[in-house]
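FYI, in the working numbering the residues of the sequence shown are 5 to 194.
All C-beta atoms, glycine included, are put in the ideal place defined by N, C-alpha and C.
Read through the structure below, which is laid out as structure tokens, and then see the notes.
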Amino acid sequence: MGHVLVTERLTLRPWTLDDDEAALATFGNSDVARWLSPALERVGDRQAMRLLLQQWIAEDARALPPTGRWAIELTADQRVVGSIVLLYLPPGGEDLEIGWQLAPDVWGRGLAAEAGHKVAHWALGHPGIDEVFAVVRTTNARGAATAQRIGMEWVGETDKYYDLQLNVYRLRSADLDRPLLGQSRGPHAP
5 MGHVLVTERL TLRPWTLDDD EAALATFGNS DVARWLSPAL ERVGDRQAMR
55 LLLQQWIAED ARALPPTGRW AIELTADQRV VGSIVLLYLP PGGEDLEIGW
105 QLAPDVWGRG LAAEAGHKVA HWALGHPGID EVFAVVRTTN ARGAATAQRI
155 GMEWVGETDK YYDLQLNVYR LRSADLDRPL LGQSRGPHAP
């Protein structure tokens with residue numbers, strides 16, 4: 005069983021097959037799927053979502069901490085509103101990536117940044133982990149802003165990971181929780 009992480013408003017917990025309908029509200033939405041890296045087609049129905057959840061659950065059972073996939077649940081009403089992952093990036097599996105996906109009806113509340121910040125703390129608290137990354141499509145201003153709210157610094161662009169041009173954000177353990185003032189804000193900064 006995976007680890008449960010808790011923030012002020014969220015419970016980050018392992019996925020279950022019973023989460024299929026809630027997960028479909030996120031991964032079945034084309035406004036979410038178009039930003040995913042690696043590219044993931046919009047999930048078409050509950051059966052397809054259940055198959056994907058089965059795959060994620062099996063992968064998590066073999067994963068070593070701090071990696072994992074979590075359902076993002078609003079603690080107040082126990083409603084699953086998205087997903088957060090901490091996985092090694094291809095091709096060499098050397099860099100840890102934080103990725104987040106939320107259902108559009110909860111966008112703009114800071115939930116992705118709150119979940120990302122918690123997962124960054126989780127990752128950077130493990131021996132040998134001194135930095136985490138986020139890769140965001142160059143046209144995804146919302147994703148870039150979330151990376152910055154997590155406390156990540158824009159470090160450039162790359163096509164190394166998924167054969168897409170992506171902005172790369174990094175958070176080092178020494179920079180965790182530092183004020184954002186004076187930080188390189190990246191290409192979508194106001």
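Anticipated Cβ contact below 8 Å, residue i with residue j, distance rounded
i      : j      : result
Ala107 : Gly86  : 6 Å
Thr150 : Thr79  : About 20 Å separates the two Cβ atoms, so there is no contact after all.
Gly132 : Arg141 : In fact, because the Cβ distance is near 29 Å, the residues do not count as touching under 8 Å.
Val89  : Ala75  : At roughly 11 Å, the Cβ-Cβ gap does not stay under 8 Å, so Val89 and Ala75 are not in contact.
Asn33  : Arg54  : In fact, because the Cβ distance is near 17 Å, the residues do not count as touching under 8 Å.
Which listed residue (the options) has its alpha carbon closest to that of residue i
i      : options                           : result
Val10  : Val159, Asp179, Val123 and Glu161 : Val123
Asp24  : Asn33, Leu56 and Arg13            : Leu56
Val198 : Pro18, Val136, Arg153 and Trp126  : Any answer about residue 198 is impossible in this case: the structure gives the chain only from 5 up to 194.
Thr20  : Asn144, Ala62 and Asp35           : Ala62
Arg38  : Asp99, Asn144, Asp163 and Leu115  : Asn144
Glu118 : Pro18, Glu161 and Gly155          : Gly155
His125 : Gly96, Pro69 and Thr162           : Pro69
Val92  : Gly114, Ala67 and Leu115          : It should be pointed out that residue 92 corresponds to Tyr in this sequence rather than to Val. If we check each option's Cα against that of Tyr92, Ala67 comes out closest.
Lys164 : Gly97, Ala26 and Gln105           : Gly97
Residue i - partner residues in DSSP beta bridges
i      : result
Gln105 : Ser87
Val140 : Asn171
Gly72  : Leu90
Trp158 : Tyr173
Thr15  : Val10 and Glu77
Leu100 : Tyr92
With 16 other Cβ atoms within 10 Å as the buried cut-off, status of residue i
i      : result
Pro194 : With a pLDDT of only 43 at Pro194, under the threshold of 50, the placement of this residue in the model should not be trusted; the figure read from the coordinates follows. When all chains shown are included, Pro194 counts as exposed.
His7   : exposed
Gln152 : buried
Gln59  : exposed
Gln169 : exposed
Gly186 : Low confidence applies to Gly186: its pLDDT is 41, below 50, so where it sits in the model is not reliable enough to give any reading.
Thr71  : buried
Val36  : buried
Arg73  : buried
Ala65  : exposed
Gly103 : buried
Glu101 : buried
Residue i: CB within 8 Å of a non-hydrogen atom of the ligand SAH
i      : result
Pro131 : The ligand SAH is not among the ligands present in this structure, which contains no ligands whatsoever.
Do three or more CB pairs link the segment 44–52 to the segment 62–81 at distances below 8 Å? No: fewer than three Cβ pairs fall under 8 Å.
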